[in-house]
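Everything below concerns the one structure shown next.
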Amino acid sequence: MNLDQMEFRCPDAVVIGNVVVKDYRLAFRGNSRGNGVASILPEQGKQVSGVLWRITEKCEESLDCYEGYPNLYGKQEISVQCEDGRKLQAAVYIMNEPYQSQPALPSWYYLRGILEGCIQNGISETAVIKAVNETKEEWMVQKKQRTEKVKGKDR
1 MNLDQMEFRC PDAVVIGNVV VKDYRLAFRG NSRGNGVASI LPEQGKQVSG VLWRITEKCE
61 ESLDCYEGYP NLYGKQEISV QCEDGRKLQA AVYIMNEPYQ SQPALPSWYY LRGILEGCIQ
121 NGISETAVIK AVNETKEEWM VQKKQRTEKV KGKDR
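Just so we're aligned: the sequence shown equals residues 1 to 155 in the numbering used here.
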């Protein structure tokens, strides 16, 4: 959603407008070593704000490469709601397993790019910060479970 990053990756992309994806939540995922990246996960009653773009085939190829498609991310068609209430179908990148199950905190550099995108597009940064905090809690729970599992094997 960062305008500068999209200009670099996809110079022919055009912003259509801000959208909301209902029944999904923002999360940071990756691998157990850290360096989480953004994805959306289905969760009833939640919503994620974002930016809808019109892209060319060349833009899609560039984004596929950047996003690690088809290994790290897959693509899905989902319903998004525009600010004027219209509902549209849009392609989104959603993280694949096993990465999707691994909470991982984003680097400050990566997070700053997302927060700048929020500011550039008039989207609240609060949900992004909340997603980072939720990811940290999930990561702590998984770390505790892994530690308990290792301790159980040592007995």
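A virtual CB, placed ideally from N, CA and C, is assigned to each residue, including glycine.
Between LYS75 and ALA91, the beta carbon gap of about 5 Å places them in contact (Cβ cut-off 8 Å). Nearest to GLU43 by alpha-carbon distance, out of PRO106, GLY30, LYS22, is LYS22. Residue burial annotation: GLN145 is exposed, with fewer than 16 other C-beta atoms found within 10 angstroms of its C-beta. In the three-state DSSP reduction, SER124 falls in the coil class, being neither helix nor strand. Shown here, ASP23 sits in a strand according to DSSP, grouped into three states. For MET6, the enclosing alpha helix (DSSP H) has its first and last residue at 3–9. When DSSP states are grouped into helix, strand and coil, TYR109 belongs to the helix group. Residue pairing from DSSP places SER49 in a beta bridge opposite VAL20. Taking the Cα positions, THR147 is about 10 Å away from VAL141. Burial is judged here by how many other beta carbons sit within 10 angstroms of a residue's own beta carbon; PRO70 has fewer than 16 and is exposed. Note on ASN31: under 16 other CB atoms within 10 angstroms of its CB, so exposed under the neighbour-count rule.
When secondary structure is reduced to three states using DSSP, TYR73 falls in the strand class. Within the same chain, VAL80 come within 6 Å of LEU88 by CB-CB distance, once the 5 residues on both sides are set aside. GLY85 sits in coil when the DSSP states are folded into three classes, being neither helix nor strand.
A Cβ-Cβ contact shorter than 8 Å links ASN121 with MET1. Note that the C-beta distance between VAL51 and LEU26 is not below 8 Å.
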